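Undergrad: Going left to right, the sequence shown walks through residues 2 to 559 as this note's numbering numbers them. Glycine included, C-beta positions come from ideal geometry on N, C-alpha and C. All values derive from a computational prediction rather than experimental measurement.
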Amino acid sequence: MAKLFGFKLPEPGEGKSSKGIVSPVPPSDEDKSDFYVSSGFYGQYVDIEGVYKSEQDLVRRYREMCLHPECDSAIEDIVNEAIVSDLNDSPVEIELTNLPASDKLKDIIRQEFKNIKNMMNFDRKCHEIFRTWYIDGRVFYHKVIDLKNPQEGIQDIRYIDPLKIRLIRKQEKTGPNSQSPFDVARAGKDPGNPENYAAPELEEYYLYDPNSSTKNSGIVPSRNNKGSVKISKDAITYVTSGLIDRNKQTVLSYLHKAIKALNQLRMVEDSLVIYRLSRAPERRIFYIDVGNLPKIKAEQYLRDVMNRYRNKLVYNADTGEIRDDRKYMAMLEDFWLPRREGGRGTEISTLPGGQNLGELADVDYFQTKLYKSLNVPSSRLDSAGGFNLGRSSEILRDELKFTKFVGRLRKRFSGIFNDMLKTQLILKNICTPDDWQELEDHIQYDYLYDNHFSDLKANELMQEQLGVVNAMEPYMGKFFSAEYVRMNILKQTETEIKEIDAQIKKEIEAGILPDPNVIVDPATGLPVDTSMDLGKPITEPDLEKSGKATEAPEGGEI
Numbered sequence: 002m003a004k005l006f007g008f009k010l011p012e013p014g015e016g017k018s019s020k021g022i023v024s025p026v027p028p029s030d031e032d033k034s035d036f037y038v039s040s041g042f043y044g045q046y047v048d049i050e051g052v053y054k055s056e057q058d059l060v061r062r063y064r065e066m067c068l069h070p071e072c073d074s075a076i077e078d079i080v081n082e083a084i085v086s087d088l089n090d091s092p093v094e095i096e097l098t099n100l101p102a103s104d105k106l107k108d109i110i111r112q113e114f115k116n117i118k119n120m121m122n123f124d125r126k127c128h129e130i131f132r133t134w135y136i137d138g139r140v141f142y143h144k145v146i147d148l149k150n151p152q153e154g155i156q157d158i159r160y161i162d163p164l165k166i167r168l169i170r171k172q173e174k175t176g177p178n179s180q181s182p183f184d185v186a187r188a189g190k191d192p193g194n195p196e197n198y199a200a201p202e203l204e205e206y207y208l209y210d211p212n213s214s215t216k217n218s219g220i221v222p223s224r225n226n227k228g229s230v231k232i233s234k235d236a237i238t239y240v241t242s243g244l245i246d247r248n249k250q251t252v253l254s255y256l257h258k259a260i261k262a263l264n265q266l267r268m269v270e271d272s273l274v275i276y277r278l279s280r281a282p283e284r285r286i287f288y289i290d291v292g293n294l295p296k297i298k299a300e301q302y303l304r305d306v307m308n309r310y311r312n313k314l315v316y317n318a319d320t321g322e323i324r325d326d327r328k329y330m331a332m333l334e335d336f337w338l339p340r341r342e343g344g345r346g347t348e349i350s351t352l353p354g355g356q357n358l359g360e361l362a363d364v365d366y367f368q369t370k371l372y373k374s375l376n377v378p379s380s381r382l383d384s385a386g387g388f389n390l391g392r393s394s395e396i397l398r399d400e401l402k403f404t405k406f407v408g409r410l411r412k413r414f415s416g417i418f419n420d421m422l423k424t425q426l427i428l429k430n431i432c433t434p435d436d437w438q439e440l441e442d443h444i445q446y447d448y449l450y451d452n453h454f455s456d457l458k459a460n461e462l463m464q465e466q467l468g469v470v471n472a473m474e475p476y477m478g479k480f481f482s483a484e485y486v487r488m489n490i491l492k493q494t495e496t497e498i499k500e501i502d503a504q505i506k507k508e509i510e511a512g513i514l515p516d517p518n519v520i521v522d523p524a525t526g527l528p529v530d531t532s533m534d535l536g537k538p539i540t541e542p543d544l545e546k547s548g549k550a551t552e553a554p555e556g557g558e559i
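This is the structure we're talking about:
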């Protein structure tokens, strides 16, 4: 097997390669168009009828679709809901509350996640990164490391255009035996014995062609892949939309089901414009009485009448002249028709223009259909609709479905961080591949939310939680602990508990909050000395200590 470019995650007993930091992928220039997908040809239609040659063809069609205004508006709604940029917080943070690991390991993982985001410049380019992944339906990143010192982890992360790379899977036969039952029988062995067959070996790698042209349907310039580079699978981060055409084994984008709706909308709009241009003006019909004149003389008489009464004055804005421009009759001009003797004579009537030029029901229908095909609530098409802040029970069902759809997109998109974090932790010997399989299921990613439904739902949920905490307060310390209430009732994470405790301590020291360990006398407002045991009788030493000497009554006790 040919040696692949890049690196492979270490396996037990494997040696380490020794090369410098090199990459066949050039650094992405954010000022150029090698990253953003808003490039392509804005055509009349996305010419596709469910037939495509390769995944590269699909990516080009998706990029053409995103240039149409209605489709771009729906995409922006989705991206703005999924990625929320804030002045103070990062759009996404790692959540390790449920991770069965020590605090030291959690801090290391948080720091490595922060380093990955810095290498991707995610906080500043998060909108473009998510939009690119959503439109193309896939994203590729090359994880560049120092092959001489792999324990230093990822040194750079470079974006790869999906038109220039593809995943190759080859199933090769290994061992002396053949996969064919005929060959096994010819060798004198039992074809029914599974041990006589060789186990196939699956070779997987990425084929990268830096000179791939966007005009070609494929990315391989020739049969022998001249000019292409084979890159190890572990060196590439590859995350798809999760939608796959099982018949053709092709990865699809979420824009795929909107292709037909977009084509229909474009055709309806074009036909509407043509109809309005042709039927908007009112035209006159001249019925000219030609009597019993022969056909040739009747036509000549009709032309004479037309030229006599039909003057077309044209103003030339360049020279300021007014000239008589007499040309042949056009579609939008008057009609001149001959009428024989015995009719009603010469007559002039008016041909009315279009009567239903203001009808937009068809356009609205296909716009709504396009939004539904992209899982965006159709209510967002109505720009006149206000922003309603009511109870969460009053939120439309479409908004609830849209929120869940965005949550699924975030979950799928988080695979980028998972793959890079896995490579970083294994290369730096922070964990082994076996350890990562146990840790991966407990790592979550917390995205910022900017959905009014989520805010209303969170506020109502907080009110219900505080009511439950108030009811449980008499039983705290007896049946429930404070940590149980904070984690299971208030749903506070481990990180939030630490931050809140530190903030409370700081505010108590600053005098903003009262110290809960100090009892204040409501009558005097002064702190009460709790060093005295109030449960036993007061004795003379206690009185002397307090500065109050009182004579004991006859009982001997005070």
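Taking the alpha carbon of Pro92 as the point to measure from, which residue in Asp124, Pro101, Phe114 and Lys115 has its own alpha carbon closest?
TA: Here the closest residue by C-alpha is Asp124.
Undergrad: How big is the Cα-Cα spacing for Ala459 and Leu382?
TA: Distance between the alpha carbons of Ala459 and Leu382 is about 26 Å.
Undergrad: Verify whether the separation of the beta carbon atoms of Leu208 and Ser229 is less than 8 Å.
TA: Yes, the Cβ-Cβ distance between Leu208 and Ser229 is below 8 Å.
Undergrad: How far does the alpha helix (DSSP H) with Glu561 in it reach, from first residue to last?
TA: There is simply no residue 561 to check, as the chain begins at 2 and stops at 559 in what is shown.
Undergrad: Do you know offhand how far Ala236's Cα is from Val274's?
TA: For Ala236 and Val274, the distance between alpha carbons rounds to 52 Å.
Undergrad: Asp137 to Tyr63, Cα distance in whole Å?
TA: Each residue's Cα considered, the two are about 6 Å apart.
Undergrad: Leaving aside the five residues before and after Ile505 along the sequence, list all residues of the same chain whose C-beta is less than 7 Å from its C-beta, in chain order.
TA: Cβ within range, chain order: Leu514.
Undergrad: With respect to the alpha helix (DSSP H) encompassing Leu106, which residues constitute its N-terminal and C-terminal limits?
TA: Asp104 to Met121 is the span of the alpha helix (DSSP H), which, as asked, contains Leu106.
Undergrad: Are Ile297 and Trp337 touching if we call contact CB-CB under 8 Å?
TA: Contact: no.
Undergrad: Here's the rule: buried if 16 or more other CB atoms are within 10 angstroms of the residue's CB, otherwise exposed. What is His69?
TA: That one is buried.
Undergrad: Can you say whether Gly7 is buried or exposed, counting buried as having 16 or more other CB atoms within 10 angstroms of its CB?
TA: With 16 or more Cβ atoms within 10 Å of its Cβ, Gly7 is classed as buried.
Undergrad: Using DSSP's beta-bridge definition, name the partner residues of Gln445.
TA: Answer is Glu96, bridged to Gln445.
Undergrad: If you run the structure through DSSP and keep just helix, strand and coil, what is Asp32?
TA: Because Asp32 carries a pLDDT of 41, less than 50, the predicted location of this residue cannot be relied on, and the following value inherits that uncertainty. If DSSP states are grouped into helix, strand and coil, Asp32 belongs with coil.
Undergrad: Quick one: Cα of Ile417 to Cα of Leu106, how far?
TA: Distance between the alpha carbons of Ile417 and Leu106: 21 Å.
Undergrad: Per DSSP, which one or two residues make a beta bridge with Tyr366?
TA: Answer is none; Tyr366 lacks a bridge partner.
Undergrad: Identify, in the order they occur along the chain, each residue of the same chain with its Cβ nearer than 8 Å to the Cβ of Arg111, setting aside the five sequence neighbours on each side.
TA: Around Arg111: Ile95 and Leu97.
Undergrad: If you compare alpha carbons, which of Val407, Gly512, Trp437 and Gln464 is closest to Asp78?
TA: The shortest C-alpha separation from Asp78 is found at Val407.
Undergrad: Let's test the definition: count the other Cβ atoms within 10 Å of the Cβ of Arg132 and tell me whether it reaches 16, buried, or not, exposed.
TA: It counts as buried.
Undergrad: Which residues does DSSP list as the beta-bridge partners of Glu204?
TA: Answer is Lys171.
Undergrad: Do Leu410 and Ala259 have their C-beta atoms closer together than 8 Å?
TA: Not closer than 8 Å, so no.
Undergrad: Just to confirm my understanding: we take Asp335, look at its own chain, exclude 5 residues before and 5 after, and list those with CB closer than 8 Å. What are they?
TA: Answer for Asp335: Arg284, Arg285, Ile286, Phe287 and Arg311, listed in chain order.
Undergrad: Any beta carbon of chain D sitting closer than 8 Å to that of Thr251?
TA: Absent here is chain D; the protein component of the structure consists of one chain.
Undergrad: Buried or exposed: Ser213, going by 16 or more other Cβ atoms within 10 Å of its Cβ?
TA: By the 10 Å Cβ count, Ser213 comes out buried.
Undergrad: Counting C-beta neighbours from all protein chains within 10 Å, is the total for Tyr476 16 or more, i.e. buried, or is it exposed?
TA: When all chains shown are included, Tyr476 counts as exposed.
Undergrad: The beta strand (DSSP E) with Thr238 in it runs from where to where?
TA: Counting along the chain, the beta strand (DSSP E) containing Thr238 begins and ends at Ile237 to Thr241.
Undergrad: Can you tell me where the alpha helix (DSSP H) holding Leu422 begins and where it ends?
TA: That run of the alpha helix (DSSP H) goes Gly416 to Leu428.
Undergrad: Which partner residues does Gly292 have in the DSSP bridge list?
TA: Answer is Arg341.
Undergrad: What residues are listed by DSSP as bridge partners for Glu497?
TA: For Glu497, which the question treats as bridged, DSSP gives no partner whatsoever.
Undergrad: Does Thr133 come out as helix, strand or coil in the three-state DSSP assignment?
TA: Of the three classes helix, strand and coil, the one that applies to Thr133 here is helix, per DSSP.
Undergrad: Can Arg340 and Val291 be called in contact, C-beta distance under 8 Å?
TA: Contact flag set, yes.
Undergrad: So, for Tyr53: in the same chain, excluding its five sequence neighbours on each side, which residues have a beta-carbon less than 7 Å away from its beta-carbon?
TA: The answer, listed in chain order, is Leu59.
Undergrad: Alpha carbon to alpha carbon, how far is Ile84 from Asp104?
TA: So the alpha carbons of these two residues sit roughly 29 Å apart.
Undergrad: On a Cα-Cα basis, can you pick out the residue from Ile444, Leu164 and Asp147 that is closest to Asp157?
TA: If we check each option's Cα against that of Asp157, Asp147 comes out closest.
Undergrad: May I ask which residues mark the beginning and end of the beta strand (DSSP E) holding Arg139?
TA: Arg139 to Ile146 is the extent of the beta strand (DSSP E) around Arg139.
Undergrad: Can you check DSSP and say which residues form a bridge with Leu401?
TA: According to DSSP, which records beta bridges pairwise, Leu401 is partnered with nothing at all.
Undergrad: Give a yes or no on whether the C-beta atoms belonging to Val252 and Glu56 are separated by under 8 Å.
TA: Yes, Cβ-Cβ distance for Val252 and Glu56 is below 8 Å.
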